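A.B. asks: After the structure tokens below, expect a handful of questions from me.
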Amino acid sequence: MVQLLPSILSADFARLADEVAAAERGGGTVIHVDVMDGHFVPNITIGPPVVKSLRKATKLPLDCHLMIENPDEYIPAFAEAGANWVSVHYEACRHLHRTLQLIEHHGMKPAVVLNPATRVELIRDILPMLHHVLIMSVNPGFGGQEFIPFSLDKIRRLAQLRQEMGLAFKIEVDGGVAHDTIAQVVQAGAELLVAGNAVFGAGQAERDARELLNAARKAAGE
Ligand code: DX5
Ligand code: ZN
10 MVQLLPSILS ADFARLADEV AAAERGGGTV IHVDVMDGHF VPNITIGPPV VKSLRKATKL
70 PLDCHLMIEN PDEYIPAFAE AGANWVSVHY EACRHLHRTL QLIEHHGMKP AVVLNPATRV
130 ELIRDILPML HHVLIMSVNP GFGGQEFIPF SLDKIRRLAQ LRQEMGLAFK IEVDGGVAHD
190 TIAQVVQAGA ELLVAGNAVF GAGQAERDAR ELLNAARKAA GE
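Just so we're aligned: the sequence shown equals residues 10 to 231 in this note's numbering.
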């Protein structure tokens, strides 16, 4: 089953609860929260206080995508704030296995994110620990960028590895997922579809989430 994960990065932050509610009415089932620290990526967004407010505004799981250095230092605060899924970048973690254990220890679902230049084979040994793998299909930091086509090969390779290893982690894709790319992403093997600009960019989150989800379901044959 494909799922749409609206990314609030492109929402109107002054009306966040309303924006999330609209995306949920449109069929979004997990809220994707982009956390940026101005070091790992060249942008600054939000942290645990906003997650805490979101937790009160929606019952949907909160998928926190940490684009930060030293994520271990902040994992307890995200757990406390009510995060459900936490993903950390392969490129930001010196002791990735330990970081994933820490996320799990705090009762959250662990995931690893791969930048466009990071090969999927590098995380083979820790795949059994993961709730999902997030394939970045843009360089992280900003919404509204163009989808990088070779991400589709990475999704296919990861789906193949999953099958070979008999695992059940989900494949998430983030960046440039929109009406013109979503069918290919689904056909390549992804089921967790993050979309920011395509959901919130036109100020019609309910309508645009619904259309995007319908396109994804059609591509998945659901
Ligand atoms: C980018 C973020 C994405 C972003 C995607 O670094 O990780 O979640 O919101 O935005 P779109 O869907 O607009 O490419
Ligand atoms: Zn993201």
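Note that beta-carbon positions come from the ideal geometry of N, C-alpha and C, so glycine has one too. Given the structure is predicted, the values throughout are model-derived calculations rather than measurements.
When you get a sec, list the residues whose CB is within less than 5 Å of any heavy atom of the ligand ZN, chain order please.
C.D. replies: Spelled out in chain order, the answer is D43, H74 and D183.
A.B. asks: Check whether the Cβ of L69 sits closer than 7 Å to any heavy atom of the ligand DX5, and report yes or no.
C.D. replies: Every heavy atom of the ligand DX5 is 7 Å or more from the Cβ of L69, so no.
A.B. asks: Just tell me which of L136, L105 and I40 has its CA closest to the CA of H74.
C.D. replies: That would be I40, whose Cα lies nearest to the Cα of H74.
A.B. asks: Cutting at 8 Å between CB atoms, please list the residues of its own chain near E231, excluding the five before and the five after it.
C.D. replies: M10 and V11.
A.B. asks: By DSSP's criteria, A204 is part of a beta bridge. Which residues make up the other side?
C.D. replies: Answer by DSSP bridge pairing, in chain order: P15.
A.B. asks: Under 8 Å, do T67 and E100 count as touching if we go by C-beta distance?
C.D. replies: Not closer than 8 Å, so no.
A.B. asks: Can you check which of these residues, V194, M76 and R133, is closest to G47 by C-alpha distance?
C.D. replies: It is M76.
A.B. asks: For a test of the three-state rule: what should DSSP assign to I77, helix, strand or coil?
C.D. replies: In this structure, I77 counts as coil in the three-state DSSP scheme.
A.B. asks: Measure the alpha-carbon distance for P70 versus H140 and round it to whole angstroms.
C.D. replies: Going by the C-alpha atoms only, they are around 13 Å apart.
A.B. asks: Short check: CB of A187 to CB of A211, under 8 Å?
C.D. replies: For A187 and A211, no; Cβs fall outside 8 Å.
A.B. asks: Could you tell me the distance, in whole angstroms, from the CA atom of G56 to the CA atom of F87?
C.D. replies: For G56 and F87, the distance between alpha carbons rounds to 8 Å.
A.B. asks: Buried or exposed: where does A26 fall if 16 or more other Cβ atoms within 10 Å of its Cβ makes it buried?
C.D. replies: Looking at its Cβ environment, which holds fewer than 16 other Cβ atoms inside 10 Å, A26 is exposed.
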